Amino acid sequence: MTDDASPELRASDADRERVAEVLRDALAEGRLDMEEFEERLEALYKARTYGELAPLTRDLPTAGTAASPAAVSFTKEPAPGGSWAGRIVGGQGSSTGAVAIMSGFQRKGHWTVPKQFNCFAFWGGGEIDLREADFADREVEINCVAIMGGVQVIVPPGVEVVVRGIGIMGGFDHPRDDGSPEPGAPRVIIGGVAFWGGVDVTRKVTRAEQQRLTERRRQEKLERREQRHELLRERREERRDERERRRYDGS
Numbered sequence: 000m001t002d003d004a005s006p007e008l009r010a011s012d013a014d015r016e017r018v019a020e021v022l023r024d025a026l027a028e029g030r031l032d033m034e035e036f037e038e039r040l041e042a043l044y045k046a047r048t049y050g051e052l053a054p055l056t057r058d059l060p061t062a063g064t065a066a067s068p069a070a071v072s073f074t075k076e077p078a079p080g081g082s083w084a085g086r087i088v089g090g091q092g093s094s095t096g097a098v099a100i101m102s103g104f105q106r107k108g109h110w111t112v113p114k115q116f117n118c119f120a121f122w123g124g125g126e127i128d129l130r131e132a133d134f135a136d137r138e139v140e141i142n143c144v145a146i147m148g149g150v151q152v153i154v155p156p157g158v159e160v161v162v163r164g165i166g167i168m169g170g171f172d173h174p175r176d177d178g179s180p181e182p183g184a185p186r187v188i189i190g191g192v193a194f195w196g197g198v199d200v201t202r203k204v205t206r207a208e209q210q211r212l213t214e215r216r217r218q219e220k221l222e223r224r225e226q227r228h229e230l231l232r233e234r235r236e237e238r239r240d241e242r243e244r245r246r247y248d249g250s
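The sequence shown: position 119 = 118 (numbering that gives the first Met the number 0), numbered continuously.
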C-alpha cells in the first residue's frame with residue numbers, strides 16, 4: 000500500500016469498488032475462503048477512510064503477480080470536467096457497421112461509436128452495447144434493418160435517445176424514460192426498418208455499477224441481519240434481567 004496521502008482521507012465508492020475487486024480475485028484464486036471474503040467485504044463497506052481500507056488487501060497480491068502485495072493508493076485522482084467530457088473523442092469510430100445473416104454480431108465493451116453506424120440482421124440478431132463506449136461525435140446515428148431478426152441497443156442512463164425507426168409487422172421499442180439527459184451526454188438517434196422483426200432499445204447501468212449495487216444490497220442485507228441479531232440479544236437480556244428482578248423480589 001502506498002503512503003502518498005493521509006490515511007485519514009475519506010474513501011469514495013470507487014475506492015471501495017477497487018478493493019472489492021481485489022477481494023473477489025483473491026476468493027476466485029483460493030487465497031481467501033468464503034468466510035474470510037465475507038468478513039473483509041463487510042468491513043470494506045463499513046470503511047470510511049483509506050486507513051480502514053489498507054489492512055483488507057495488505058496480505059494479497061496484485062492481479063497477475065504472486066510477489067507484490069495489492070496496493071490501495073492514497074492519491075485522489077482529479078475529478079474530470081464532466082462525466083461525458085472524455086468520451087466524445089472524435090475520429091471515424093472503431094466500427095462502422097455489422098451484418099448478421101442467420102448468425103449474430105456484437106459491439107460491446109470499449110469501442111468508439113462512429114457518427115453513423117449501419118447494421119443488418121436477417122434471420123439473426125445483434126447486440127449494440129453503448130454503456131462503455133466512446134463516441135465520435137456528440138450526436139450519433141444508428142440505423143438498424145431487421146428482417147425476421149432482431150437488434151438490441153443498450154444505452155446507459157443519462158444519454159438522450161431518439162427512436163425514429165419504422166416497424167412493419169415488427170417494432171421499435173423505446174427505452175424507459177428515466178429522467179433528463181445528463182449535461183454533455185451524447186445524443187443517440189436510432190432509425191431504420193423492422194420487418195417481421197424488432198429493434199429493442201433499453202437502458203441499463205454498466206456491469207461495474209450492477210456489481211456495486213449487488214454488493215451494496217448484500218451489505219444492507221447483512222446489516223439488517225445484524226440488527227435483528229442485536230434486537231434478539233437485547234430481548235434476551237431484558238428477559239434475563241426480568242427473571243433476576245422477580246427472583247430478587249421473591250426472596
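Even glycine gets a Cβ: it sits at the ideal position worked out from N, Cα and C.
Note that the structure is a prediction, hence the values are computed from the model and not measured.
Environment of residue i [buried if 16+ CB atoms lie within 10 Å]
i, result
"Val160", "buried"
"Gly191", "buried"
"Tyr247", "exposed"
"Pro182", "exposed"
"Asp12", "exposed"
"Pro261", "Only positions 0 to 250 of the chain appear in this structure, which leaves residue 261 out of reach."
"Ile189", "buried"
"Ala97", "buried"
"Arg232", "exposed"
"Asp240", "exposed"
"Arg15", "buried"
"Ala27", "exposed"
"Arg238", "exposed"
Neighbourhood of residue i by C-beta, 6 Å cutoff - its chain only, sequence neighbours within 5 removed
i, result
"Ala120", "Ala99, Ala145, Gly148 and Val150"
"Asp136", "Lys114"
"Trp122", "Met101, Met147 and Gly148"
"Asp128", "Lys107 and Ile153"
"Glu138", "Arg186"
"Lys75", "Low confidence applies here, because Lys75 scores a pLDDT of 45, under 50, leaving its location unreliable; read the following figure in that light. Here the set comprises nothing."
"Asp133", "Arg86, Val88 and Thr111"
"Arg245", "none"
Under 9 Å between C-beta atoms of residue i and residue j
i, j, result
"Phe116", "Ile141", "yes"
"Gln105", "Gly92", "no"
"Gly164", "Phe194", "no"
"Arg202", "Pro185", "no"
"Leu40", "Leu22", "yes"
Sequence-distant residues of the same chain with beta carbon closer than 7 Å to residue i, five excluded per side
i, result
"Val18", "Leu43, Leu52, Leu55, Thr56 and Val71"
"Glu38", "none"
Same chain, Cβ closer than 8 Å to residue i, neighbours up to 5 away in sequence not counted
i, result
"Arg47", "Arg9 and Ala10"
"Thr95", "Pro113, Gln115, Phe116 and Asn117"
"Pro180", "Gly157, Val158, Glu159 and Arg186"
"Leu230", "none"
"Gly89", "Ala135 and Asp136"
"Glu236", "none"
At least three beta-carbon pairs within less than 8 Å, the stretch 192 to 201 to the stretch 142 to 158: yes
Those runs of the beta strand (DSSP E) which lie wholly inside the stretch 119 to 148 and span at least 3 residues: 124 to 128 and 138 to 146
Complete runs of the alpha helix (DSSP H) confined to the stretch 151 to 180 [at least 4 residues]: Listed in chain order, there is nothing to give.
Contact between the stretch 17 to 36 and the stretch 215 to 228 (3+ Cβ pairs under 8 Å): no
Unbroken stretches of the alpha helix (DSSP H), 4 residues or longer, contained in the stretch 9 to 43: 12 to 27
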